Amino acid sequence: MAILIINRRDHAITPYESWLISTKQKLVMLSSSEYQLSYNHVVNNYEHMEWFDHFSVNGNVEKRAIALHKIYKFTAIIAISESDLIRAAELRDYLGIPGQTMESALAFRNKVMMKDKLKHTDIQLSPYCKVTSSLDLLKFVASHSYPIVVKKIDGTGSKEVAIIHTESELEHRLEEGFKGEWIAEKFVSGRIYHIDGVAMNGELLFCWPSVYINSCLAYMDAKPSGSYILEADNPLVTRLNEMVNQILSYMPCPEVIAFHAEIFHTEDDELILCEIASRVGGSKIGITLKTAFNIDLMKTWVQMQCGIPIAWESVEREPRTISGNVLVHPGKGTFLGPPEMEYPNEIIDFELLASADQHFNYGRNCNDCLASFVLIANSEQDIEERLLAAVDWFQTSMKWDNGEIIQHG
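According to full-length UniProt numbering, the stretch in the sequence shown is residues 1 to 409, in order.
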């Protein structure tokens, strides 16, 4: 009996052998070769490990999973990366292993299928349609006023997203054509909130909302993006949590599910679903929640899938501090070096992701950044001010060459 882990994360982020130390089952890992070095010091904690180049498309991952199942009799398949959820679900269905099925994985991964599941419920959605050709988009535009959002049906990281405001922008998007499946939606104006948590057998075990700073598309204009958790007495906490609970009740959920939902709050006080994923939120959301609630969502999700009891009594029911995160996205130029002065005291986590002399032509997706910060404060107002001040401090203090002048912090 064993647990199969399909992995594309560094060991520093996913120390599975530590998370699953209490299980009596053997651990088998099939992983991207990109992260082999990071696991070298823990190979003795795994029964079997294999490494694959071109991991995203390499069908030998599935081939080896099937062969190894005959030897180890997997009882669970763990895959935490959004790009591997379909792969893992397909293997579970084929091998008869409990966990998220293909029906469930597709309903959360495919944005059109997701909204088709919800369109006849009381969950409010923006008008949408599936786009596989230019004519599909033209018909949708003819029925709805600008702006229109066009994105990949299974896109990640806010990549390949276009907001169309005018006829000329429409013509530019049509010029690019459509390969694969896309979704067009009527643009929703309002603040975007993300709600993260875990549930089991239809019961929310942890759930809390946060509000985005700017939007996930801020990277396109080199503006900062991030989020911070809501205070317990914010009236939107109950409304957003209840809406997510409703959404999950309408969706084909596995027994154990982690979720990351995005919901618009409009000026008319309406809540409109953007989308919901069956995974833990990315970027710095995990450490932000851990700081406020003493819960490691990724670890908890993995352990729950493997039947390991969770010490829920140690998880805070309300935030013990107001935490938030922010990403500093690049513009066009060359990063020469970070600030040389000390960081502000309220920064509890700082990660420098850019290298000296690295050239940028804006970000490629919402996770492409020069640096990230996690901060704490006593209120929502304070945390937003501190997050934006941290970005301003970094941008004015770093060394940057935009091709015209060299900025020295």
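Glycine included, each C-beta is placed from N, C-alpha and C at the ideal position.
The structure displayed is predicted, hence computed values, not measured ones.
Which residues bound the alpha helix (DSSP H) around glycine 190? Here residue 190 refers to the residue found at position 190 when the sequence shown is read from its first residue. Glycine 190 -> no alpha helix (DSSP H), and no H or E assigned at all.
Just mark alanine 88 as buried or exposed, buried being the case when its beta carbon has 16 or more other beta carbons within 10 Å. Within the sequence shown, the letter at position 88 stands for residue 88. Flag for alanine 88 reads buried.
Terminal residues of the continuous beta strand (DSSP E) containing residue 472? Outside the displayed range of the chain (1 to 409) lies residue 472, so it cannot be described from this structure.
If contact is defined by three or more beta carbon pairs under 8 angstroms, each pair taking one atom from either stretch, is the region 270–278 in contact with the region 201–213? no
Whole-angstrom C-beta distance between isoleucine 247 and leucine 118, which should lie under 8 angstroms: In the sequence shown, residue 118 corresponds to position 118, counting from 1. In the sequence shown, residue 247 corresponds to position 247, counting from 1. Rounded, the Cβ-Cβ distance is 7 angstroms, consistent with contact.
Could you give the residue range of the alpha helix (DSSP H) that holds leucine 289? As a first step, residue 289 is located in the sequence shown; it is residue number 289 there, counting from the start. Taken as a continuous stretch (DSSP letters only), the alpha helix (DSSP H) holding leucine 289 covers 285–293.
Thinking just about the alpha-carbon of each residue, which of Gly180, Ile153, Glu185 is nearest to the one in tyrosine 146? Against the sequence shown, residue 146 aligns to sequence position 146. Among Gly180, Ile153, Glu185, the Cα nearest to that of tyrosine 146 belongs to Glu185.
Name the DSSP beta bridge partners of serine 32, please? What you label residue 32 is simply residue 32 of the sequence shown in a count that begins at 1. For serine 32, the beta-bridge partners assigned by DSSP are Phe52.
In chain order, what residues of the same chain lie with their CB nearer than 7 angstroms to the CB of arginine 320, ignoring the 5 residues before and after it? Locating residue 320 in the sequence shown gives position 320, counting from the first residue. Here the set comprises Ala292.
Proline 330 vs phenylalanine 360 beta-carbon contact at 8 angstroms: Taking the first residue of the sequence shown as 1, we reach residue 330 at position 330. Taking the first residue of the sequence shown as 1, we reach residue 360 at position 360. Contact flag set, yes.
Does DSSP put phenylalanine 394 in a helix, in a strand, or in coil? One-based indexing of the sequence shown puts residue 394 at position 394. Three-state result, phenylalanine 394: helix.
Since I believe leucine 85 is in contact with alanine 79 (beta carbons under 8 angstroms), could you give me their beta-carbon distance rounded to a whole number of angstroms? Translated into positions along the sequence shown, residue 79 becomes position 79. Translated into positions along the sequence shown, residue 85 becomes position 85. Right, the Cβ-Cβ distance comes to about 6 angstroms (below 8 angstroms), so this counts as a contact.
Coarse secondary structure for serine 168, derived from DSSP in three states: Translated into positions along the sequence shown, residue 168 becomes position 168. It is helical.
For valine 43, does the three-state DSSP call read helix, strand or coil? On the sequence shown, residue 43 is found 43 positions in, with the first residue counted as 1. DSSP places valine 43 in helix when its eight states are reduced to three.
I believe histidine 260 touches aspartate 196 by the beta-carbon criterion, under 8 angstroms. Please report the beta-carbon distance rounded to the nearest angstrom. The residue given as residue 260 occupies position 260 in the sequence shown. The residue given as residue 196 occupies position 196 in the sequence shown. 5 angstroms between Cβ atoms; contact.
Inter-stretch contact (C-beta, 8 angstroms, three-pair minimum) for the region 308–319 and the region 214–226: No: fewer than three Cβ pairs fall under 8 angstroms.
For residue 419, which residues of its own chain have a beta-carbon under 8 angstroms away from its beta-carbon, when the five flanking residues on both sides are left out? A query on residue 419 cannot be resolved here, the shown segment of the chain reaching from 1 to 409 and no further.
Opening and closing residue of the beta strand (DSSP E) in which glutamate 265 lies: Along the sequence shown, one-based indexing puts residue 265 at 265. According to the sequence displayed, residue 265 carries histidine and not glutamate. Segment 256–265, the beta strand (DSSP E) holding histidine 265.
Here's the rule: buried if 16 or more other CB atoms are within 10 angstroms of the residue's CB, otherwise exposed. What is leucine 135? As a working note, residue 135 is residue 135 in the sequence shown. With fewer than 16 other Cβ atoms within 10 Å, it is exposed.
Using three-state DSSP, classify tyrosine 128 as helix, strand or coil. The count along the sequence shown starts at 1 and reaches residue 128 at position 128. The answer is strand: DSSP assigns tyrosine 128 an E or B state.
Given asparagine 45 as reference, the closest of Ser104, Ser22, Asn294, Gly333 once Cα atoms are compared: The count along the sequence shown starts at 1 and reaches residue 45 at position 45. The residue with the shortest Cα to Cα distance from asparagine 45 is Ser22.
Starting from phenylalanine 350, follow its DSSP beta bridges and name the residues at the other end. Your numbering for residue 350 matches position 350 in the sequence shown. The partner list for phenylalanine 350 (beta bridge, DSSP) reads Phe373.
The region 6–21 / the region 35–54 touching (three or more Cβ pairs under 8 angstroms): yes
Looking only at its own chain, which residues have a Cβ that is under 7 angstroms from the Cβ of tyrosine 343, when we skip the five neighbours before and after it? Reading the sequence shown from its first residue, position 343 is the one you call residue 343. Contacts found: Phe350.
Would you mind working out which of Gly226, Asn241, Pro224, Ser225 sits nearest alanine 232, comparing C-alpha positions? Locating residue 232 in the sequence shown gives position 232, counting from the first residue. The candidate whose alpha carbon is nearest that of alanine 232 is Asn241.
Taking DSSP as the reference, what is the three-state secondary structure of lysine 223? Here the question's residue 223 lines up with position 223 in the sequence shown. Three-state DSSP puts lysine 223 in coil, outside helix and strand.
By Cβ distance, which residues of its chain are closer than 6 angstroms to lysine 179, with the 5 residues on each side in sequence left out? For this step, residue 179 is matched to residue 179 along the sequence shown. None.
Excluding the 5 residues preceding and the 5 following aspartate 401 in the sequence, name in chain order all residues of the same chain whose CB lies nearer than 7 angstroms to its CB. Mapped onto the sequence shown, residue 401 falls at position 401. So the qualifying residues of the chain are Gly333, Thr334, Leu336.
Alpha carbon of arginine 239 to alpha carbon of asparagine 60, nearest angstrom: By 1-based counting over the sequence shown, the position of residue 239 is 239. By 1-based counting over the sequence shown, the position of residue 60 is 60. If you take the alpha carbons of arginine 239 and asparagine 60, they lie about 45 angstroms apart.
Return yes when the C-beta of histidine 260 is under 7 angstroms from any heavy atom of the ligand ATP, and no when it is not. Only the bare structure without any ligand can be found here, which leaves the ligand ATP out of the picture.
Could you pull the start and end residues of the beta strand (DSSP E) that lysine 111 belongs to? Looking up residue 111 in the sequence shown gives position 111. Premise fails: lysine 111 lies in the alpha helix (DSSP H), 111–118, not in any beta strand (DSSP E).
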